[in-house]
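As given, the protein sequences belong to chains A and B, one line each in that order.
Counting in my numbering, the first sequence tops out at residue 886, every number present.
Counting in my numbering, the second sequence tops out at residue 886, every number present.
Protein chains: 2
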Amino acid sequence: MNVNQVVQSIREKVAEGISEVYFVACGGSLVDMYPSKYFLDSEAKKLVAGLYTANEFVHALPKRLGAQSVVIVCSHGGNTPESVAAAQTAKEHGAHTIGLTHNKEAALLNYSDYSFLYEWGDDSNVKNNPMAIILDLAVQLLHVVEGYAHVEAFQKGLESINGIINQGKKQVAPRARVFADKYRNEELYYILTSGASYGHAYGFAICSLMEMQWLNAAAIHSGEYFHGPFEVTDKETPFILMMNEGRTRALDERAQTFLNQYAEKVEVIDAKELGIGTIADEVVEFFNPVLFYSIICVYREALAEVRNHPLETRRYMGKVAY
Amino acid sequence: MNVNQVVQSIREKVAEGISEVYFVACGGSLVDMYPSKYFLDSEAKKLVAGLYTANEFVHALPKRLGAQSVVIVCSHGGNTPESVAAAQTAKEHGAHTIGLTHNKEAALLNYSDYSFLYEWGDDSNVKNNPMAIILDLAVQLLHVVEGYAHVEAFQKGLESINGIINQGKKQVAPRARVFADKYRNEELYYILTSGASYGHAYGFAICSLMEMQWLNAAAIHSGEYFHGPFEVTDKETPFILMMNEGRTRALDERAQTFLNQYAEKVEVIDAKELGIGTIADEVVEFFNPVLFYSIICVYREALAEVRNHPLETRRYMGKVAY
C-alpha cells in the first residue's frame with residue numbers, strides 16, 4: 565500500500581474519526597519524525613500530535629491512546645527493543661500502527677498494521693526515505709481528518725526536493741571540505757536552527773557528532789539562543805547555523821547577526837541560498853529539514869575523512885550490553 | 565484571583581469548552597512550563613497542550629489557536645519582548661491569556677486577561693513559584709475540561725513538596741561542595757533525566773551552566789542516551805543524572821547502570837533518596853522537576869563559588885544589543 569491507501573484504510577476503520585497521531589522512535593529515527601510533529605502542531609485544528617522517544621512512550625503511556633489513535637513507529641534495523649515494544653503496546657491499546665523500517669525481517673513488522681520498507685542510501689530519492697514518507701503520512705492524515713488546503717503544493721514539493729538536494733550537495737561539497745579541514749581539531753559544536761528543522765539540529769548533534777564522531781555537541785533553538793545559551797559565544801566556540809526558508813527564518817537571521825558580531829567559527833547552511841525557495845511559500849518550511857539532513861551528511865562525511873574516524877565506528881552501540 | 569478562580573472564570577467564558585492550552589515563554593521560564601506540558605500530554609484525553617519558545621509561537625502561530633484556547637505566558641522580568649508579543653498575538657486571536665511575572669510593572673500584564681505576580685527567592689514556598697502555579701493551572705484546567713481523578717493527591721503533593729525540598733537541600737549541601745571542588749576545572753557537562761524533569765535537564769544546561777557559568781553543556785534524555793549520545797561516554801566526561809521517582813525511573817536507572825560501568829565522573833541526584841516518595845504514586849512523577857530545580861540550585865551555587873564566577877555575571881544578556 566502507498567501512503568494514500570494506508571491513510572484511507574485507517575480512516576475507514578475509525579468510524580468516529582482519527583483523533584491523534586503519535587510519532588514514536590529512538591535517536592535518528594525520532595529525529596526524522598520531528599518535521600511531521602511540527603507540521604501537525606502548526607497546521608492542525610483538530611488532529612493532535614505527540615512525539616515520544618520509544619521507551620518513555622512505553623513507560624509513561626499517554627492516556628488518550630486508543631482505537632482512534634494512529635501510532636507511527638520507525639526503526640532502521642527494525643529490531644530496536646524499545647521501538648518494537650512501543651508498537652506492541654500501541655496495538656494492545658487498540659491503536660492503528662504504521663511501522664517503517666529498512667529491514668524486511670524486522671520484529672517491528674509483527675506489530676505493524678501497515679508497513680513501509682523504505683529505501684536508504686545515497687542513490688535513493690529522498691521522497692522514499694523515512695522522513696518524507698512520515699511527513700507525507702502526516703499531511704494525508706490531516707487532510708482526511710479535517711482537510712488541508714495545501715496538499716497539492718506539498719505533493720509538488722515532495723516531487724522537487726530531491727533535485728534541489730542533489731544540486732545543493734554539489735554546491736556545498738567544496739565548503740564542507742574547507743569546514744572539515746578548518747575544524748578538524750575541534751572537540752565541541754553547537755548546532756542552531758528553528759522551526760521544522762530543530763529536530764535535525766538535535767539529530768546532527770546526537771547522531772552525526774556524538775555517536776559517529778565521538779565529539780561533544782548540542783542543539784540550540786535559534787529562538788532560545790538569546791535566553792541563556794548565547795552567553796557561551798566567543799571566538800573559539802564553533803557554531804553551525806542551519807537557516808530555514810519560511811516563517812521562522814527571522815529567528816535564524818537574528819542568531820546569524822549576533823554570531824557575525826561575537827563569534828568567529830561559524831558555518832552557515834542556508835536553505836534559501838541552496839534553492840529551496842522554488843517550493844511554494846505555504847509549505848516550503850516543512851521541507852527545510854529534508855534538505856538539511858542530506859546537506860549535513862556531506863559535512864559529516866568530510867569531517868569523518870579528515871579526522872580519520874569512519875562514520876560507522878562505535879565503541880558501545882551494538883558492541884556491549886546496555 | 566487564585567488558580568481555581570482563574571480556571572473557573574475561563575470555563576464560564578468558553579461555552580464550547582476549552583480545547584487547548586499553550587505554554588509560551590523563553591529560556592528559564594519555558595523550562596518551568598515543561599512539567600505542565602508533560603502532565604497534560606500524559607493525563608489528558610481531550611485537552612491539547614502545546615509548548616513554544618515565544619518567538620517561534622509568534623512567527624509560526626499554530627492554526628488551532630482561537631477563542632477556545634488558553635495561552636499561559638511567563639516572564640520573570642515581564643518585559644521579554646518575544647513573550648510580551650506572544651501574549652499580545654494570543655489576545656488578538658481571541659485566546660484567554662494568563663500572564664505570570666515577578667514584576668508588577670510588567671508589559672506582559674497589558675496582554676494578560678489573568679495574572680499571577682509570583683513569589684521568588686530562597687525564602688519563598690515553591691508552591692508560590694511559577695513552576696508550581698503553572699502545574700496547578702494545568703491540573704485544574706484538565707479537571708474542569710474532562711475531570712482528573714487525582715486532583716486531591718496533586719493538591720496534597722503541592723502542600724508537601726516545599727518541606728521535602730528544604731530537607732533535600734540540607735541533605736545535598738555537603739555533596740554539592742564536594743562536587744564543585746572535584747569538577748571546578750571541567751568545561752562541559754551532560755545532564756541526563758527523563759519524564760517530567762527533562763525540561764530541567766535542559767534548563768540546568770542552558771541557564772545554570774551556559775548562561776550563568778559560561779560552561780558548555782547539553783541535556784540528554786535518559787531514553788535517548790542509548791541511541792547516539794552514549795558514544796561520547798568515557799572516564800573524562802562529567803555527567804549529572806537526575807533520577808526520577810515514578811513511571812520513567814526505569815529509564816534513569818538504565819542510564820545509571822551504564823554510567824557506573826563506563827564513566828567515572830558521575831553525579832547522581834536521586835529524587836527517591838531525597839524523600840519524594842511520600843507523595844502519592846499517581847502524581848509523584850510530576851513533582852520530580854519541582855524538587856530537582858531547587859536541588860540543582862544548591863549545586864550551581866557551590867560551583868559558582870569555587871569557580872569565582874557569580875551566578876549573575878553576564879557578558880551579553882541585557883548588556884549588548886541583540
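Here a beta-carbon is modelled for each residue, glycine too, at the ideal position from N, C-alpha and C.
Residue span of the beta strand (DSSP E) that contains residue i, given as start and end
i	result
A:G663	660-665
A:M806	803-807
A:D834	830-834
A:C771	It is not in any beta strand (DSSP E) - A:C771 carries neither H nor E in the DSSP assignment.
B:H785	780-785
A:V585	584-589
B:V634	633-638
CA nearest to the CA of residue i, picked from the options
i	options	result
A:L805	A:I840, A:Y766, A:G839	A:Y766
B:A654	B:L664, B:E669, B:G630, B:S639	B:G630
B:V567	B:L756, B:P738, B:L611, B:K691	B:K691
A:Q569	A:V612, A:A650, A:S606, A:L705	A:L705
B:V862	B:V796, B:A744, B:A814	B:A744
B:L699	B:A835, B:V585, B:I860	B:V585
B:Y678	B:T661, B:I860, B:K668, B:G685	B:T661
A:L855	A:A814, A:P738, A:K734, A:E828	A:K734
B:L611	B:F680, B:L701, B:E869	B:L701
A:A866	A:E828, A:Y747, A:S688	A:Y747
A:Y789	B:R575, B:I574, B:Q572, B:L594	B:L594
B:I833	B:K577, B:V870, B:H623, B:A737	B:A737
B:G882	A:A814, A:E795, A:D687	A:E795
B:P793	A:Y682, A:E775, A:G642	A:E775
B:A814	B:G663, B:E849, B:R864	B:E849
A:K577	A:V708, A:S606, A:D596	A:V708
A:L664	A:Y826, A:N693, A:F680	A:F680
B:A608	B:D596, B:I582, B:N808	B:I582
A:A740	A:R575, A:E683, A:V870, A:G642	A:V870
Host alpha helix (DSSP H) of residue i (start-end)
i	result
A:Y598	598-607
A:F680	Where A:F680 is concerned, there is no enclosing alpha helix (DSSP H), although the beta strand (DSSP E) it sits in stretches over 678-681.
B:R757	Going by the sequence as given, residue 757 of chain B is Thr instead of Arg. Run containing B:T757: none in the alpha helix (DSSP H); it sits in the beta strand (DSSP E), 752-757.
A:G614	Per DSSP, A:G614 belongs to no alpha helix (DSSP H); it is in the beta strand (DSSP E), 612-617.
B:A702	694-710
B:A516	In this structure chain B extends from 565 to 886, so residue 516 of chain B is not present and cannot be described.
A:P626	Neither: A:P626 is in no alpha helix (DSSP H) and is coded neither H nor E.
B:N824	813-826
A:F794	Counting along the chain, A:F794 falls outside any alpha helix (DSSP H), and DSSP gives it neither H nor E.
A:F856	852-871
B:E837	Run containing B:E837: none; DSSP gives neither H nor E here.
B:P874	Careful: B:P874 lies outside any alpha helix (DSSP H) and carries neither H nor E.
A:E846	Here A:E846 belongs to no alpha helix (DSSP H), and DSSP marks it neither H nor E.
Assigned exposure category for residue i - 16 Cβ within 10 Å defines buried
i	result
B:P887	Residue 887 of chain B is absent from the model: chain B starts at 565 and stops at 886.
B:A579	exposed
A:V742	exposed
B:D816	buried
A:A885	exposed
A:S858	buried
A:P645	exposed
A:N749	exposed
A:G810	buried
B:M565	exposed
B:E751	exposed
B:K601	buried
A:T633	The amino acid occupying residue 633 of chain A in the given sequence is Ser; Thr does not appear at that position. With 16 or more other Cβ atoms within 10 Å, it is buried.
Spatial neighbours of residue i in its chain, beta-carbon cut-off 7 Å, leaving aside the 5 residues before and after
i	result
A:V847	H714, A717, F718, G721
A:Y753	L773, L779, A781, P802, I804
B:P626	G614
B:R628	E584
A:L604	V585, L611, A613, A702, L706
Same chain only: Cβ atoms within 8 Å of residue i, ignoring 5 sequence neighbours per side
i	result
B:P853	Y598, P599, M695, A760, S761, G763, H764
B:Q731	L838, G839
Cutoff 6 Å; reference residue i; Cβ partners in own chain excluding five residues on either side
i	result
A:R879	none
B:T812	S758, G759
B:I843	G721, F851
A:E831	F743, I804
A:E895	Because chain A is modelled from 565 through 886, residue 895 of chain A falls outside the range shown and cannot be assessed.
The region 583-590 of chain B touching the region 616-625 of chain B, judged by at least three CB pairs closer than 8 Å: yes
Inter-stretch contact (C-beta, 8 Å, three-pair minimum) for the region 783-791 of chain A and the region 869-884 of chain A: no
The region 723-742 of chain B contacting the region 768-776 of chain B, beta-carbon criterion three pairs below 8 Å: no
Any 3 or more C-beta pairs closer than 8 Å across the region 812-822 of chain A and the region 649-664 of chain A: no
Inter-stretch contact (C-beta, 8 Å, three-pair minimum) for the region 660-673 of chain A and the region 630-642 of chain A: yes
Chain C contacts from the region 593-607 of chain A (Cβ-Cβ distance under 7 Å): Included in the structure are the protein chains A and B, with no chain C among them.
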